[in-house]
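For reference, the structure discussed in these notes is given below.
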Amino acid sequence: MDRLERIFELQAKFDQALIEKRNLKHIKPEEWIQKEVLAIISELGELLDETNFKWWKNPKEINQAALREELVDILHFFISMCIKAGMTAEDLYQGYLAKNKENFDRQQGKSNRVGYEWEA
1469 MDRLERIFEL
1479 QAKFDQALIE
1489 KRNLKHIKPE
1499 EWIQKEVLAI
1509 ISELGELLDE
1519 TNFKWWKNPK
1529 EINQAALREE
1539 LVDILHFFIS
1549 MCIKAGMTAE
1559 DLYQGYLAKN
1569 KENFDRQQGK
1579 SNRVGYEWEA
């Protein structure tokens, strides 16, 4: 089992325990995804708070541990959404590879999608 598969396995176990212990079996997968999108938006705000985005304030030292923790929180919700959408770790991996290739093709002018090309 690779690391991504392990992450999917652990998240599925956590989600199942949460559903059972909090009596959330009535929530449909698409509703879960909506809730998890909102949770990710909240976590993105917390991540942003760990950076120096407030140009009107004096910069602070970045707390790398807190920043990384927020990224992991986002990953938790993202993987949970993948699971609820019926994706496996392999599906996510293959989807990433395909999209990454398409992104490079667009930038290199090799795609049917125009307007993305890097300048020569």
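Residue numbering for the sequence shown follows my numbering, beginning at 1469 and increasing consecutively.
Beta carbons: idealized from backbone N, C-alpha and C, even for Gly.
I need the DSSP call for residue i, collapsed to helix, strand or coil.
| i | result |
| --- | --- |
| Leu1492 | coil |
| Asn1571 | helix |
| Glu1469 | The question names Glu, yet the displayed sequence has Met at residue 1469. Met1469: coil per DSSP, three-state reduction. |
| Ala1480 | helix |
| Gln1576 | coil |
| Ala1553 | coil |
| Tyr1584 | coil |
What does the Cβ neighbour count give for residue i, buried or exposed, with the cut at 16 atoms within 10 Å?
| i | result |
| --- | --- |
| Glu1529 | exposed |
| Ala1557 | buried |
| Gln1532 | exposed |
| Met1469 | exposed |
Among the options, whose alpha-carbon lies nearest the alpha-carbon of residue i?
| i | options | result |
| --- | --- | --- |
| Ile1508 | Asp1517, Glu1498 and Glu1538 | Glu1538 |
| Asn1520 | Gly1563, Glu1585 and Leu1535 | Leu1535 |
| Glu1473 | Asp1559, Gln1484 and Trp1523 | Asp1559 |
| Asn1580 | Glu1570, Leu1478 and His1494 | Glu1570 |
If we require 4 or more residues per run, which alpha helix (DSSP H) segments fall completely within the region 1484 to 1538? Along the length of the region 1484 to 1538, whole alpha helix (DSSP H) runs at least 4 residues long occupy 1497 to 1517, reported in chain order.
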